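Here the structure comes first, spelled out in structure tokens, and everything after it is commentary.
Structure follows, in structure tokens:
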């Protein structure tokens, strides 16, 4: 027997089918060990020696692998074909060697880019040794991340209370988000105007009124070419309109050219994440999770096959056989006109050939999305379709466009208008796929604008001239797609790290997603300012990118990993030692100056507002950055005489600080139905809204007030800022759960609500959390179509079917019903339930009453057998045979009863009589317990 180790159990099951009974395929469940989670796991004093440990969750899997290898003839390490996969294989081999189970057995490393029978068998036929350079690149990356985390994070905790840990790459990504936010805050809108004219061709006989209309924009005025700000105000715009209206126009120049647009290459990890974000609204982590399932495969025609190739790659090239299969699919489905004469070849920009794997593509381009639709979930189908279309389009003919630009010249020479348009003469690859752009501006694309036939010297009719006011817009916040694209451009991170980087930033509450855009939290901005001031080199984009290049050089064998670690550690340790000597007040002064434009924005020009640093409470104090137990805040310099404080960022409601809800509730308005006040409050578990007040309904016998029931309350969803909560939002939250609409499949009502784990949808007994990266107020506005789509993703992409009666039981006449539960379909008769077997699930529509009764009977017999087994001797012990065994059992029972009785008697005899003190203590304990329970019932924020 030969043992094969892969990463996931789903992959293990599939590969075992391919290899047969002579092989045993086991899963490592990812990494089997990691650096010890304590200081000293990487020792710079001893050439960066590393201490590894097998985690509690991995120990069971390691033992299973070790036991199998002990009795095996050979070991094959078949983890993923990237740096992390190579590291996992190294860890498995090293752990097995230390446990002395290899015993000289051959150890082979195999890799495959797709989980298909051909790919796996070809890999088995061409094993290799472990790639030592890839392993060393992993060791260097892991050591760098550890040294930064375990040395920089403690400095953060001491100098910036309330801060979380810092990471080598995550901190640089955070800097990108914070810098973009600073750009937006510094941005000042600038006014400009444009002038457009609605023109028309004249009739062939020179008449007017019957021509084809088109629009043209003013480009030249009084002999000067107008730039974007050529018409800076309304007066200039009106003068331009008057100049156009005072003259006629003829066609001065016509430019025609034919252009070609080429398809984009197949997907890499980053481009897949970007397109899935734009077109499918998937987060990076969700994209990788769905892609993982497509890679591991599904059952088609009785065989489990992987649908796509490996999804962590920076390569755009495809294998020759994949190119030929793609071209064959193009010719079959679209015809020879759409197939270029020669295959399209794409080259990766990655410098490291070891990591430039094949692009993400379908394992069989001939397997269309329609073919796999019945076997996958909706989100799996959507992502597969995206990958399939992009791959097919990459080998299709170019799109051809005719572009026309026409200059219209004023009779008096005072103005020139330009009309542009284009028409797609051959759609080519656009018939299948068009790449989206994250920063596309409205009106950028003229491909759908068609101009009428125009020739030089033709007279044109002027119909309407209008001027339009515009203001420049600030740069947009980063979306997941644009941030991944920017990180890739700068060389920060690698394909396997993008999703985890974005996840960690949100998990640490350094950023939040708002309308699918990243907004830095105050905590994140303070941390970034700290790092830029005191660890500037280590958050520089060029430094981080250069370090990534060095890791690639290690992978290529051009650089020793310990050399890279020594060079990094010498300067980094000196920087850490230097900052540790600074006083907290020095750190605060530096951050206060760095963040001043953000914390204390200057008043607009012409605004007579007071000094933004003046204390609104005492009048003569100066506001500045302060640090407390729970993080940074704004406080007065006259503390403790003046105790004014506020959050870091002012809101529109207050005097610069969120009205300090801790001091009292904020009135939002009056409920029109009840006439009661609706307030926003701050409790021990966060912010919540409340309708009315708790009223006194009488007095107790001791004269204390007797209060009525607590008024309705609703917690604010996570990520919802207090300044977004108005009366309408509050009433909506208080009205939850709300009915969204009946499900089209079964008519059951879908409800939207807010629970312990956030906003959710409910359909029957099925629940589905709303996406975390959506607007927190989606629970108030979500419609039926979106709700049905989200519910379809529940439980692997299916909506639970409606219950179906199969008939009445022949013995008692009670109904036997087919239902769909959390773990799949089952049949129910009274309190008896039985899950459907695999064969029954595949033919669920034809399930009969007789078959349901068989399943229920089988389940009843199985339960009866378990019950009888429960009276038997404990596992591992043999009960006595015949009368002797029964006697022994009886004797044992008697002895146990006697011992228990004696123990009970002893306890009764020695139990002290309860005193007043002990009763009082017991009463106090009970009261405290009740108080604790009552606090738990308060709304969570």
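In the UniProt record's numbering, the protein residues as written are 1 to 941. In this text, a Cβ means the ideal position worked out from N, Cα and C, and glycines have one as well. It should be emphasised that the depicted structure is a prediction, and the values quoted were computed from it without experimental measurement.
{"Check": "Same chain only: Cβ atoms within 6 Å of residue 151, ignoring 5 sequence neighbours per side", "Outcome": "576"}
{"Check": "Cβ pair count under 8 Å reaching 3, the segment 322 to 332 against the segment 279 to 287", "Outcome": "no"}
{"Check": "Opposing strand residues paired with residue 25 [DSSP bridges]", "Outcome": "4"}
{"Check": "Euclidean distance between Cα positions of residue 673 and residue 636", "Outcome": "43 Å"}
{"Check": "Own chain partners of residue 51 with C-beta closer than 6 Å, once the 5 adjacent residues on each side are dropped", "Outcome": "36 and 41"}
{"Check": "Endpoints, the alpha helix (DSSP H) within which residue 390 is located", "Outcome": "378 to 394"}
{"Check": "Residue 192, enclosing beta strand (DSSP E) - first and last residue", "Outcome": "191 to 201"}
{"Check": "Proximity to residue 176 [Cα-Cα], best of 552, 529 and 119", "Outcome": "529"}
{"Check": "Burial state of residue 345, where buried means 16 or more other Cβ atoms lie within 10 Å", "Outcome": "exposed"}
{"Check": "Length-filtered (3 minimum) beta strand (DSSP E) runs lying within the segment 803 to 855", "Outcome": "804 to 808, 815 to 821, 824 to 829 and 832 to 835"}
{"Check": "Option in 461, 452 and 391 with minimal Cα separation from residue 430", "Outcome": "391"}
{"Check": "DSSP three-state assignment for residue 354, whether helix, strand or coil", "Outcome": "Below a pLDDT of 50, predicted positions are generally treated as unreliable, and residue 354, at 43, falls in that range; the measurement from the model is reported next regardless. It is coil, neither helix nor strand."}
{"Check": "Identity of the residues DSSP links to residue 52 by a beta bridge", "Outcome": "35"}
{"Check": "Complete runs of the beta strand (DSSP E) confined to the segment 252 to 310 [at least 3 residues]", "Outcome": "298 to 300 and 303 to 305"}
{"Check": "Three-state secondary structure (DSSP) of residue 732", "Outcome": "helix"}
{"Check": "6 Å CB neighbourhood of residue 31 in its chain, flanking five on each side removed", "Outcome": "88"}
{"Check": "C-alpha distance - residue 436 paired with residue 367, whole-angstrom precision", "Outcome": "24 Å"}
{"Check": "Start-to-end residues for the alpha helix (DSSP H) that takes in residue 421", "Outcome": "That residue, residue 421, is in no alpha helix (DSSP H); its beta strand (DSSP E) goes 415 to 426."}
{"Check": "Cα-Cα separation between residue 564 and residue 713, rounded to whole angstroms", "Outcome": "57 Å"}
{"Check": "Beta-carbon proximity check, residue 483 vs residue 406, cutoff 7 Å", "Outcome": "no"}
{"Check": "Proximity below 7 Å, CB of residue 736 to CB of residue 758", "Outcome": "no"}
{"Check": "Alpha-carbon spacing of residue 632 relative to residue 173, whole angstroms", "Outcome": "22 Å"}
{"Check": "Local conformation of residue 618 per DSSP, three classes", "Outcome": "coil"}
{"Check": "Among 550, 830, 339 and 676, nearest to residue 812 - alpha-carbon criterion", "Outcome": "830"}
{"Check": "Inter-stretch contact (C-beta, 8 Å, three-pair minimum) for the segment 415 to 424 and the segment 264 to 273", "Outcome": "no"}
{"Check": "Neighbour-count burial assignment, residue 495, 16 or more Cβ in a 10 Å radius", "Outcome": "buried"}
{"Check": "Of the listed residues 722, 785, 700 and 149, nearest to residue 681 (C-alpha basis)", "Outcome": "722"}
{"Check": "Residue range of the unbroken beta strand (DSSP E) whose run includes residue 759", "Outcome": "758 to 763"}
{"Check": "DSSP bridge partner residues for residue 632 (one or two, in chain order)", "Outcome": "627"}
{"Check": "Sequence-distant residues of the same chain with beta carbon closer than 6 Å to residue 503, five excluded per side", "Outcome": "285"}
{"Check": "Neighbour-count burial assignment, residue 18, 16 or more Cβ in a 10 Å radius", "Outcome": "buried"}
{"Check": "The segment 506 to 523 in contact with the segment 99 to 108 per 3-pair CB rule at 8 Å", "Outcome": "no"}
{"Check": "Pairwise C-alpha distance: residue 544 and residue 538", "Outcome": "7 Å"}
{"Check": "Residue 473 burial status per 10 Å Cβ neighbour count (16 or more: buried)", "Outcome": "exposed"}
{"Check": "Contact under 7 Å by Cβ, residue 249 with residue 460", "Outcome": "yes"}
{"Check": "Given residue 211 as reference, the closest of 306, 718, 156 and 202 once Cα atoms are compared", "Outcome": "202"}
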